[in-house]
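In what follows, a single structure is set out as structure tokens and then discussed.
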Amino acid sequence: MTATVAEVMVATLKASGVRRVYGLPGDSLNGFTDALRRDGTITWGHVRHEEAAGFAAAAEAALTGELAVCAGSCGPGNLHLINGLFDANRSRVPVLAIAAHIPREEIGTGYFQETHPTQLFGECSVYCELVSVPEQLPRVLEMAMRAALARGGVAVVVVPGEVFLADAPAHPDPVAIRAISPVVRPDEESLAAAAQLLNNAGAVTILAGAGCAGAHDQLIALAGALKAPVVHAFRGKEFVEYDNPYDVGMTGLIGFSSGYRAMEHCDALVMLGTDFPYRPFLPEGVPVVQVDVRGEQIGKRVQVRVPLVGTVKDTVDALLPLLEPKGGTGHLDRMTAHYRRARARLDRLARDRRNESPLHPQYVAATVDRLAAADAIFTADVGTPCIWTARYVRMNGTRRLIGSFNHGSMANALSHAIGAQATYPGRQVIALAGDGGLAMLLGELLTLHQQQLPVKIVVFNNGALSFVELEMKAAGIPTFGTDLVDPDFTGIARAAGLFGVRVEKASELDDALRAAFSHDGPALVDVRTARQELALPPKLTYGQIKGFTLYATRTILSGEGSELVELTRSNLRELEVE
Ligand SMILES: Cc1ncc(C[n+]2csc(CCOP(=O)(O)OP(=O)(O)O)c2C)c(N)n1
Ligand SMILES: [Mg+2]
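What the sequence shown shows, in the numbering used here, is residues 140 to 717, in sequence order.
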């Protein structure tokens, strides 16, 4: 019996271990969804907005390293996928998007729901092709899958609705297309140049990113040999921060000053698997060794003296024998002491203020951290939830943290959590959501109920687009358009079939979180948190900061007596930041 194109696609996905497809059906996608139904082994991850399907697939791919799949119907259906796919592509996680298309004979006629998916998806994918004739299958699909896995990113296969239903040409049994981990290390000459530079340098600092996944031992060994403080970028947090005596915290817009200072005061910088984008935070005039498995990434943000193309793991393994272990620990001691002070101050801000109302968001994040499971998966909304997560949610090598760290899109936490929970039904998945972020894809609460995904949502309900208010105030302009008139989200959650509990006072938080975390199903904790009030440090003037938050933050970081980037009035007062 001949198989249809859709059946061949399903068989190919199945052979490669794909367990589910996130999406929303539509006429043009019917051939594919019907083939899934008939096969019965791949779950249909039904969402309420295709954007959530993109985010969910991104989270699954980030957690497993394997291909995750989403699908949308033609025109608006696959347009809705786009923001989630941008997130996946910029996080370099392997996602396949199946984008249904209008009938072939209508392409170019301005037909109902017509778009040009290969153009639209071009910017958020590493591979994007139209299947014009059934004979392109299964090769185009296989190439798309390999591209997503090998290059790390999104591959889009655009299929006109009737092509799904067409007979596929005879083909051999599908092969499994899975993630592979090749050994990639630099040549001897480059390694020798890096070793010479580092052996001759005095104070060395390491900036570590998400490329350190799977290379924790190597990172610690390298820091030990170089007596180097280790700074991390946000996406590196889950791989770098734990069990790390060299840790000096995060840098960047929401980082704190020990991370900044360790790079400001070094004689050489080693960048390990990071595409940290903010150039003003990188040191000027110091030689840089940059390790990245993608050679084209090197030197994008700062001039690099020695490029090392390879994985962090393989490169550090090859470099270590060439290094002369450093004796002096002066730089390391100074930077780790600075970090300990900064950390202690952060922890003070999160101390128990039992009768406070609204709650300090720091306290909320620290309490979530304390009560969450040792193997919890956290997702954090872009906005201030990212700040609190970065500072108070501790990683341990088992916990995971997923966010829209490169694309920076709001509304990611709930949708990422859908993918995380679908992938690991038995693990605790906690979405740290903003009130703005939650409302943006609020319909996905229904997905949690319908798909029986026991995600725990903690809403930092501050009645505002608070992060933007911080940015506006930092830029010296009055806040505008940032008020949110929100309902009690627990009422909505309950109506959607979730367990819901509202927290008005700090004394209620522990019990509410415990109840939600132990609830056998999805739950939402709506926490009324303080709206952040930025007070610019008095020394800053509009002229000095040139209207850019970045420069304001940098000035705060390097300012006399400042220990942290902490932009709230109460916190600035408490920290006596001048
Ligand atoms: C889709 C999208 N729109 C707008 C922005 C700009 N933006 C960044 S953070 C933010 C505010 C987020 O508000 P909320 O979720 O309530 O979190 P808060 O900062 O208030 O804690 C906005 C509007 C964005 N990053 N993504
Ligand atoms: Mg908010």
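A virtual CB, placed ideally from N, CA and C, is assigned to each residue, including glycine. As the structure is a computational prediction, the values presented were derived from the model and not from experiment.
How would you write the range of the alpha helix (DSSP H) that residue i sits in, first residue to last?
i, result
"Ala236", "Unbroken run through Ala236 is the beta strand (DSSP E), 234-240; no alpha helix (DSSP H)."
"Arg530", "523-531"
"Gly223", "221-229"
"Ala669", "Neither: Ala669 is in no alpha helix (DSSP H) and is coded neither H nor E."
"Val607", "605-613"
"Asp166", "Run containing Asp166: none; DSSP gives neither H nor E here."
With 16 other CB atoms within 10 Å as the buried threshold, where does residue i fall?
i, result
"Ile319", "exposed"
"Asp616", "In the sequence on display, residue 616 carries Ile and not Asp. By the 10 Å Cβ count, Ile616 comes out exposed."
"His188", "buried"
"Gly156", "exposed"
"Glu380", "buried"
"Thr248", "exposed"
"Asn535", "exposed"
"Asn339", "exposed"
"Ser657", "exposed"
"Thr141", "exposed"
"Val624", "exposed"
"Gly165", "buried"
"Arg229", "buried"
"Val272", "exposed"
Which two residues bound the contiguous beta strand (DSSP E) that contains residue i?
i, result
"Leu411", "407-411"
"Leu648", "No beta strand (DSSP E) holds Leu648; the alpha helix (DSSP H) holding it covers 648-657."
"Ala294", "293-299"
"Gly162", "159-162"
"Leu623", "Leu623 -> no beta strand (DSSP E), and no H or E assigned at all."
"Glu216", "With the sequence shown as reference, residue 216 is identified as Gly, and Glu is not the correct amino acid for it. It is not in any beta strand (DSSP E) - Gly216 instead sits in the alpha helix (DSSP H) that spans 215-218."
"Gly542", "539-542"
"Thr112", "The requested residue 112 does not occur in the structure, where the chain is confined to residues 140 to 717."
"Leu510", "No beta strand (DSSP E) contains Leu510, which is instead part of the alpha helix (DSSP H) from 500-510."
Quick check on residue i: does DSSP put it in helix, strand or coil?
i, result
"Lys376", "helix"
"Asn345", "First, the residue type needs correcting, since residue 345 is Ile and not Asn in the sequence shown. Strand, per DSSP."
"Ser697", "Confidence is the limiting factor: at Ser697 the pLDDT is only 42, short of 50, which leaves the residue's position unreliable, though a coordinate-based value still follows. Helix."
"Phe628", "helix"
"His721", "No information on residue 721 is available, as it lies outside the stretch 140 to 717 that the chain covers here."
"Asp600", "At residue 600 the sequence reads Asn, which differs from the Asp that was named. If DSSP states are grouped into helix, strand and coil, Asn600 belongs with the strands."
"Phe395", "strand"
"Tyr266", "strand"
"Val186", "coil"
"Val719", "Look at the range of the chain in this structure, 140 to 717, and you will see that residue 719 is not part of it."
"Lys644", "coil"
"Leu580", "coil"
"Ala154", "helix"
"Ala552", "helix"
"Val387", "strand"
"Val147", "helix"
"His310", "coil"
"Gly686", "For Gly686, the predicted model reports a pLDDT of 38, less than 50, meaning its position is unreliable; a value from the coordinates is still stated below. It is coil, neither helix nor strand."
"Ala367", "coil"
"Leu571", "strand"
"Leu337", "helix"
"Arg566", "coil"
"Val721", "Outside the shown range of the chain (140 to 717) lies residue 721, about which nothing can therefore be said."
"Val664", "strand"
Strictly under 9 Å for the Cβ-Cβ distance: is residue i near chain D by that measure?
i, result
"Ala362", "Of the protein chains in this structure there is only one, and it is not chain D."
**Request:** Check whether the stretch 212-232 touches the stretch 576-585, taking contact to mean three or more Cβ pairs, one atom from each stretch, closer than 8 Å.
**Result:** No, they do not touch.
**Message:** Threshold first: 4 residues or longer. Then list the alpha helix (DSSP H) segments lying entirely within the stretch 428-497, N to C.
**Reply:** 451-458, 469-488
**Message:** Counting beta carbon pairs with one atom in the stretch 142-159 and one in the stretch 174-182, are three or more of them shorter than 8 Å?
**Reply:** yes
**Prompt:** When the Cβ atoms of the stretch 347-355 are set against those of the stretch 411-423, are three or more pairs found closer than 8 Å?
**Reply:** Judged by Cβ distances under 8 Å, the stretch 347-355 makes contact with the stretch 411-423, as three or more pairs qualify.
**Message:** Whether or not the stretch 414-434 and the stretch 496-511 are in contact is what I'm after, with contact meaning three or more pairs of Cβ atoms, one per stretch, closer than 8 Å; do they touch?
**Reply:** In this structure the stretch 496-511 does not touch the stretch 414-434; the number of beta carbon pairs closer than 8 Å is below three.
**Request:** Could you say if the stretch 444-453 and the stretch 384-402 meet the contact criterion of at least three C-beta pairs nearer than 8 Å?
**Result:** no
**Prompt:** Would the stretch 335-343 and the stretch 353-360 be scored as touching if the rule is three or more Cβ pairs under 8 Å?
**Reply:** Output reads no: the stretch 353-360 does not touch the stretch 335-343.
**Prompt:** Are three or more beta carbon pairs between the stretch 517-525 and the stretch 566-574 nearer than 8 Å?
**Reply:** yes
**Asked** Is there contact here, the stretch 308-327 with the stretch 281-300, by at least three beta-carbon pairs under 8 Å?
**Response** yes
**Complete beta strand (DSSP E) runs within the stretch 188-213 (minimum length 3 residues, chain order)** = 207-211
**Request:** Spell out a yes or no on whether the stretch 217-231 and the stretch 251-268 are touching, meaning 3 or more CB-CB pairs, one atom from each, closer than 8 Å.
**Result:** In the pairwise beta carbon analysis, the stretch 217-231 is classified as touching the stretch 251-268: at least three pairs are separated by under 8 Å.
**Asked** Any chance the stretch 324-336 sits against the stretch 455-463, with 3 or more Cβ pairs inside 8 Å?
**Response** Verdict: yes, contact present.
**Prompt:** Any chance the stretch 320-327 sits against the stretch 292-299, with 3 or more Cβ pairs inside 8 Å?
**Reply:** The stretch 320-327 vs the stretch 292-299: no contact.
**Message:** Quick check: the stretch 657-670 against the stretch 627-638, are at least 3 beta-carbon pairs closer than 8 Å?
**Reply:** yes
**Prompt:** Should the stretch 230-247 be called in touch with the stretch 199-213, which here means at least 3 C-beta pairs below 8 Å?
**Reply:** yes
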